Amino acid sequence: MEFTGAIREAKKGTAELVVLAFLEDEPRHGYELTQLIEARSGGALTFNFASLYATLYKLEERKWIQGRWVEKAGQRRRRYYRITSEGREVLAAQRKEWRQFFELIRELAGVEHA
Amino acid sequence: MRDRDLREWRTLIHERADREWRELSPDVEHELACHLADLHAAALTRGASQADARRLALEALNAASFLEVSKRPRARHMPTGYVQDMRLAIRQLRASPLVSAVAILSLALGIGANTAIFSIVNSLLLRPLPVHEPQQLVTLTNGSWTNPIWEQIRDRHDLFDSAFAWSDTRFNLASGGETEFVDGLWSSGSLFETLGVRAILGRTFTAGDDRRGGGPDGAVAVISYDFWQRRFGGASDVVGRRLNIERAPFTVVGVTPPDFFGPEVGRKFDVAIPIGTEPIIKGAGTWLDERSTWWLAIMVRLRPDQSIDAANAALRAAQPAIRDATAPGWNGYISEPFTLAPAITSKSALRRHYERPLIVVLTIAALVLLIACANIANLLLARATARHHEFSVRRALGASRWRLARQLVAESAVLSTAGAAAGVVVARWGSQFLVQQISTRTNRVFLDLSLDVRVLAFTIAVTIATTLLFGVVPALRVAASEPMDAIKEYGRSLAGRRGGLSGSLVVAQVALSLVLVVAAMLFTRTFTSLTNLDLGFDRDRVLVVSVNAERAQIDRSARLPVFERVLERVQGLPGVVQAGLSMITPTSGQGWNGDVDVSNTPRLGGRQAHTFRNAITPRWFAALGMRLVAGRAFTDADGKGAPAVVIVNEAFVRRFLNGQNPIGHTVQRRVIFNRNRPDAVPPPAQEIVGVVADAIYDNLREQVPPTMFEPLEQSEMSIVPQLALTIRTAGSPMADARSIAAAIRDVNADLAITFRPLADYVNASVVRERIVAMLAGFFGGLALLLASLGLFGLTSYTVERRRAEIGIRMALGAAPSGVIGLVLSGTIGLVAIGIIAGGTLSLWAARFVGALLYQVEARDPVTLVTAAATLAVIAAIAAALPAYRASRIDPATVLRESQA
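Residue numbers (the working numbering), protein chains in the order written: chain C, 62 to 175; chain F, 177 to 1076.
Written as structure tokens, this is what we have:
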């Protein structure tokens, strides 16, 4: 699935939300995040790795997530990110906002929620 | 492998960020590199080919922008570039430790060997004496001088600023029995002052100390710093202490500075005493008034405004007066004009003896370094080719050619610096080892090998030269990388060009190695010819005991009976097979000669009448194992008062008797006209009673000279203070030294004795040949090793490059032997060209080593062919291993790879 026009524009603003959402359950590292996002979206959503890390660093700066270097046996050193309590609040608030936004769009443009 | 990938990705990310003027923290760089490495690995797991997997990761990198990732602008100061080059270079070298280790090791050996030999060349040939204004010092050339001549020069104060005389010797410090020798120096009162050497403790000599029989302070001695430490433990109260020299008491008056080793390069002194004190030691045998005993070297300090020509003129003007005052009475006495020569590096016998071999060995070492450089250039070239893709990508990402070339040169510089650092250690050890090898027991060689500016400059120059030699070729190759190459097939496009360059490097290596192997073989053959030479006597199981009666207070005429008692006692000892006394020991460096006529033969002119002489006791021939070929040996009946007899060698018969039977002829010694002894009567004619087989007299390399032997009892040499006691032993020569020493002490406890196996004397006379053969052999072996490594590397690389082709050939039915032939054909061609070039080079270089060889021609065809064959065999082995591996390639695997 390929997005064009307006949706593609909107996607840029959703990056922070998506990253926070994927970190909600457990800490993950950058590569794992890109793989998950790509898989769950069926390839529709992809990040260039530089933008992904730019997003991660921005979120970390805002203290919504926290990164930590972890070394596991037989693997190279990796930085795992976990969501902070502040991040969870932001995620909940953003979810709520998006939900309201979708409701609005559905009503106005007749788009059915899947 | 994974770590290397990670490093490469880090480098690429670093450069990419650099281009956007962003600086990434190391953590961020690592994190991003991990990401790309994961991407790459995942693609491989999915079944992508190496090239595709890489392309995928590279595309991700190319699409990235780091402007958002880091807000930190790149630091702008210039040097970071260079520092970063170095950091990258070290990282690169650590990434392939084996290649780097081999490179550094071969450089360490190459640079180390060159530095070691250069530091000897430096201290022996280049470095001036560590004294005040050495350029003002000149020596009186051509040999040594008598004390009367020295006194004449000394007393002419107006000739120069100042002058001094000296003579090397050994002093025995033991009070009796076994000797304890130290390096001694007879010094005129002016030596230290003229050289500008001040004592660090006490004082040096004054003119007063040099008075005959001692000055106002009696017999005084100045000792060297080294001796002060060794013997006195650096005691601060050493001045005023007593030192027994040749059993005469001397008072220590001063210690010289640590860096002063004496007036002659190659020797050092432990104890210096004034020439005037010589009679205290030698007694009636003093040389101070001897007009034909030449034992002093003379050095002069010019006045500040005086040229060497002016000094020569002044000295020559005084020459007739000096001649008249000192003439011993024979014709031709100091008829050559006095000649002064710069002493900047000081006169030295050692220097004359080792100048040419040192230069030859330095050249050999330089060639080895060249071969090592060729090897490293090849290694780096191979690596540069392997990294070709990386370089193209970096070009594509905006790195300049210059930048990439600079990084490769930085890698070479790091390599050669590491090699040089290790090389200095090798050199320190190596040069000391060499000097030890040059020293013999009686002739201790001392060279100041401390690192000075010249050695340091040499090492740095060699390091820079090697960097350029092996670093530039790969750098030029990299500079030729095109950005588009990155998109083409992974690292293939330039492979062909690398092959050509490596080929020439290997040809050069083979050629130079052949030269070195030839040199090694020539020098080794020289040395083995000398050691296997039939000396005419038996060197093994023979002990030589020097017995010195100088301090034993025995009247001159009573000395021989004492020596004979010693002989008798020793002869009776168990373990002693035969024993004899002699004036001269073969190969000891001593000589005694004169001109003779033989009855009923034509009188020979000039040097033709010259014969060497020796005085011996009856069983001396037997003790040495010399063979009597005609007539009889001496018996106890050939004593004083009996008819004068003589035994000659075969060379004597050939020279003087032209094949006639010598027995019954008489030998008449010629007398030199002596103005002081006009009444001298000619010695009695001696009858030839026997002929011995030729045996070496002194020099192994020269033909055995005509030699005549006379009974010691009939000889004028029966009064000398020192004789050699030659003992054939049943076991090892030194085994019975203790009982022999006891027996000699029993006869007279005041005799000074020194033990030395005869083999020691013989070995000492071929020290130079041994060292040259040893070094040439070592370097020849090293050259072979390096060249075979180079060939191995090149062939392996060729196989790797042609893997796909070989796989396809095999899939199409080529036999393994055909594959081996295919791989070897290229290598054989290179080796053949190398051998032809090396052979030509060897023939040309032969002219420089001819003088150092013995019993082998510098252009000896057998040596050349053997060397070429050796090199060919080793080259074949080096190339056969990878060729064999090529024949084991599994076509299926290769085909699968190329499909992926």
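Glycine included, C-beta positions come from ideal geometry on N, C-alpha and C. The model shown is predicted, which means the values in this text are computed figures rather than measured ones.
Item	Value
Below 6 Å CB to CB, which residues in the same chain sit around P255 (chain F) once its five sequence neighbours on both sides are set aside?	With a pLDDT of 45 at P255 (chain F), under the threshold of 50, the predicted position of this residue should be treated as unreliable, though the coordinate-derived value follows. Excluding sequence neighbours, P255 (chain F) sits near nothing in its chain.
Expressed to the nearest angstrom, what Euclidean distance is found between the alpha-carbon atoms of N776 (chain F) and H786 (chain F)?	17 Å
Below 8 Å, how does it come out for the segment 739-751 of chain F and the segment 468-480 of chain F: are there three or more Cβ pairs, yes or no?	no
Within a Cβ cutoff of 8 Å, which residues of the same chain sit near G840 (chain F), ignoring the five residues on either side of it in sequence?	E863, I864
What distance in whole Å lies between the Cβ atoms of E440 (chain F) and G372 (chain F), which are believed to be in contact at a cut-off of 8 Å?	With 8 Å as the limit, G372 (chain F) and E440 (chain F) do not qualify as a contact, their Cβ atoms being about 16 Å apart.
Report yes if the C-beta distance between P1067 (chain F) and M986 (chain F) is below 7 Å; otherwise report no.	yes
In the DSSP output, what is W321 (chain F) paired with across the bridge?	F:L472
Which bits of chain C does S241 (chain F) rub up against, with CB to CB less than 7 Å?	A111
D359 (chain F) lies in the beta strand (DSSP E); which residues open and close that run?	357-363
Listed in chain order, which residues of the segment 140-151 of chain C have Cβ atoms closer than 8 Å to some Cβ of chain F?	R140
Quick one: what does DSSP say M802 (chain F) is sitting in, helix, strand or coil?	coil
Please compile the residues from chain F whose C-beta is within a distance smaller than 7 Å of the C-beta of G91 (chain C).	E207, H211
Check whether the Cβ of A76 (chain C) lies closer than 7 Å to any Cβ atom in chain F.	no
Looking at C-alpha atoms only, which residue of F:P304, F:L419, F:W326 is the closest neighbour of L349 (chain F)?	F:L419
Tell me the rounded alpha-carbon separation between R673 (chain F) and R129 (chain C).	Reliability fails at R673 (chain F), whose pLDDT of 48 lies under 50, so the model's placement of it is uncertain and no value is given.
Give a yes or no on whether the minimum CB-CB distance between A134 (chain C) and chain F is below 7 Å.	no
Would you call D385 (chain F) buried or exposed, if buried means 16 or more other Cβ atoms sit within 10 Å of its Cβ?	buried
How about A115 (chain C): is its C-beta nearer than 7 Å to some C-beta of chain F?	yes
For L757 (chain F), name the three-state secondary structure that DSSP assigns.	strand
Output the boundary residues of the beta strand (DSSP E) element that contains M884 (chain F).	883-887
Using a Cβ-Cβ cut-off of 8 Å (strictly less than) and excluding sequence neighbours within five positions of I151 (chain F), which residues of its own chain qualify?	Summary: the structure shown does not reach residue 151 (chain F), with chain F confined to residues 177 through 1076, and so no result is reported for it.
Is T75 (chain C) near the ligand HEM, going by C-beta to nearest heavy atom under 6 Å?	Within the structure as shown, the ligand HEM is missing, as the structure has no ligands at all.
With a cut-off of 7 Å, does the C-beta of D214 (chain F) fall near any C-beta of chain C?	yes
So, using beta-carbon positions, are V200 (chain F) and A193 (chain F) closer together than 7 Å?	In the sequence as presented, Val is not what sits at residue 200 (chain F); that position holds Leu. Taking 7 Å as the Cβ cut-off, L200 (chain F) and A193 (chain F) qualify as a contacting pair.
Given that L245 (chain F) touches chain C, what residues does it touch there, using C-beta distances under 9 Å?	It is Val, not Leu, that sits at residue 245 (chain F) in the sequence shown. By Cβ distance, chain C contributes A111, S112, Y114, A115, Y118.
May I have the straight-line CA-CA distance separating V843 (chain F) from P881 (chain F), to the nearest angstrom?	16 Å
Can you name, in chain order, every residue of its own chain whose Cβ lies under 8 Å from the Cβ of S112 (chain C), other than the five neighbours on each side?	A76
So that I know if they touch, is there some Cβ in chain C lying closer than 7 Å to that of A119 (chain F)?	Beyond the ends of chain F as shown, which are 177 and 1076, falls residue 119 (chain F); an answer cannot be given.
Compare the Cα-Cα distances from L491 (chain F) to each of F:L516, F:I872, F:W471 and report the closest residue.	F:L516
Just how far apart, CA to CA, sit G765 (chain F) and G595 (chain F)?	43 Å
Skipping 5 residues on each side, what residues in its chain have a beta carbon closer than 6 Å to that of G667 (chain F)?	Below a pLDDT of 50, predicted positions are generally treated as unreliable, and G667 (chain F), at 42, falls in that range; no measurement from the model is reported.
Quick check: what's the CA-CA separation for L1071 (chain F) versus A1054 (chain F)?	28 Å
Go ahead and pull the three-state DSSP assignment for V1083 (chain F).	Here chain F comprises residues numbered 177 to 1076, so residue 1083 (chain F) is not present and cannot be evaluated.
For T176 (chain F), report the span of its beta strand (DSSP E) as first-last.	Since the first residue shown for chain F is 177 and the last is 1076, residue 176 (chain F) is missing from the structure and cannot be characterised.
Is it buried or exposed for P838 (chain F), if we count other Cβ within 10 angstroms and need 16 for buried?	buried
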